[in-house]
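The block underneath contains the structure these notes are about, expressed in structure tokens.
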């Protein structure tokens, strides 16, 4: 049974390993979030905004040409069609309502690819709340359009200039900022990482993805369950959402595509399950890439959203118990899959999502299998990377 316990653990992984100054904030969340989320008032506002503002339900699209090429029935869950261009907004809508009900006045967030930053800036504009987004200096350069979008929406973007200057370091900066103002600030974490209750809370907000998949497959295939669900995993929020309602349905294979960068053993990789060991990262016990003395190994991926040295504790548990199948996709193969989808289906995917698309080449399946790939975001933000890559 895949389920979080009262201390925030999925099996061996999870928990809340945090500085003493943050205990009041985490306790406030733990004591209130479930009751708030369960209330009719919260659910009415949350579901209403998902429908009328985000544009849900997102389509479950049968990709006929992709299916013909790969020899299976392939559906794409079109999270790229959400307002802001990715699944991230499902979570930020939920957390901004929660923050408002907790009386918070200021929002902070971290971002890698910029999609979570844009989604956070968007909901802060919607609710009239102050917003600061921390982003690695390297990511600011490679995801420049999203940086400008955040600024247009009224957010302040603060560069993280330490370490690898990517997502890990942006998360560190956001955590430090939260410690400096634990009372008036809510930290909207963008993935299923961080101290409990964040991993489970974010997964629940994202679970609308698999909730919709079930009834959409019933309409299209006469059954709620696909044979395989595939999603990319950095921290893993889109994967957690796509897997959530299938955790305890063992006949549905759950395939997670990690970023192998220049190769798993190249020294330029973010393939956490292939390279990592158990340890503490950003407030929870999980699997992460680290040296023998516990220093975090800098990750690498062409996709800013997967450029993270760990995975969320739920994914660490899925890997540990063998419930999830984890594959490693190199930069060059993800790019090839992105170009392939563009030419076969007229959909330019986010490079993160392209990792999930390439996983079709790394797993076995039959021609009768129904496969759902979570298309977590669109490629607008990655056009400069696609253009520089060339060969299209």
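Residue numbers (UniProt numbering): 1 to 392. Ideal placement from N, C-alpha and C gives every residue a C-beta, glycine not left out. Please read all numbers here as calculations on a predicted model, not as lab measurements.
Fewer than three beta-carbon pairs drawn from the stretch 213-220 and the stretch 116-128 are found closer than 8 Å, and the two stretches are therefore not classed as touching. Counting only the Cα atoms, residue 78 lies some 12 Å from residue 350.
Runs of the alpha helix (DSSP H) lying entirely within the stretch 111-135, each at least 4 residues long, are 115-127 in chain order.
Between residue 1 and residue 248 a beta carbon distance of about 6 Å is seen, short of the 8 Å cut, so the two are scored as contacting. With contacts defined by Cβ atoms closer than 8 Å, residue 240 and residue 193 do not form a contacting pair.
For residue 314, the enclosing alpha helix (DSSP H) begins and ends at 313-320. In this structure residue 27 is exposed. Its beta-carbon is surrounded by fewer than 16 other beta-carbon atoms within 10 angstroms. In this structure, residue 119 lies near residue 84, with their beta-carbon atoms less than 8 Å apart.
With contacts defined by Cβ atoms closer than 8 Å, residue 146 and residue 94 do not form a contacting pair. Contact check for residue 237 against residue 276 fails: the beta carbons are separated by 8 Å or more. Residue 258 holds the alpha-carbon nearest to the alpha-carbon of residue 358 among 44, 279 and 258. Excluding residues up to 5 positions away in sequence, 230, 231, 232, 257 and 373 lie with their Cβ nearer than 6 Å to the Cβ of residue 356 in the same chain. Taking 4 residues as the shortest admissible run, the stretch 188-229 contains the following complete alpha helix (DSSP H) segments, listed from N- to C-terminal end: 198-206 and 208-221. Rounded to the nearest whole angstrom, the CA to CA distance from residue 34 to residue 188 is 16 Å.
Residue 223 counts as exposed, since fewer than 16 other beta carbons sit within 10 angstroms of its beta carbon. Contact fails between the stretch 339-349 and the stretch 291-303, because fewer than three Cβ pairs, one in each stretch, are under 8 Å apart.
If you look at residue 376, you'll find it isn't in any alpha helix (DSSP H); DSSP assigns it neither H nor E. Your pair residue 110 and residue 203 does not check out as a contact, with CB atoms roughly 17 Å apart and the cut at 8 Å. Proximity to residue 384 across 214, 284 and 141 peaks at 141, based on C-alpha coordinates.
Residue 362: not part of any alpha helix (DSSP H); DSSP gives it neither H nor E. Judged by beta-carbon spacing, residue 287 lies within the 8 Å limit of residue 316, meaning their Cβ atoms are closer than that value.
Within the same chain, Cβ atoms closer than 8 Å to the Cβ of residue 214 are found at 224, 225 and 245, the five residues on either side in sequence being excluded.
Per DSSP, residue 170 is one residue of the alpha helix (DSSP H) stretching across 167-180. Annotation: residue 262 to residue 306 spans about 13 Å, alpha carbon to alpha carbon. A residue is called buried once 16 or more other Cβ atoms fall within 10 Å of its Cβ, and residue 38, having fewer, is exposed.
Around the beta-carbon of residue 327, 16 or more other beta-carbon atoms lie within 10 Å, marking it buried.
In the three-state reduction of the DSSP assignment, residue 43 falls in the helix class, which pools H, G and I. Per DSSP, residue 273 is one residue of the alpha helix (DSSP H) stretching across 272-275.
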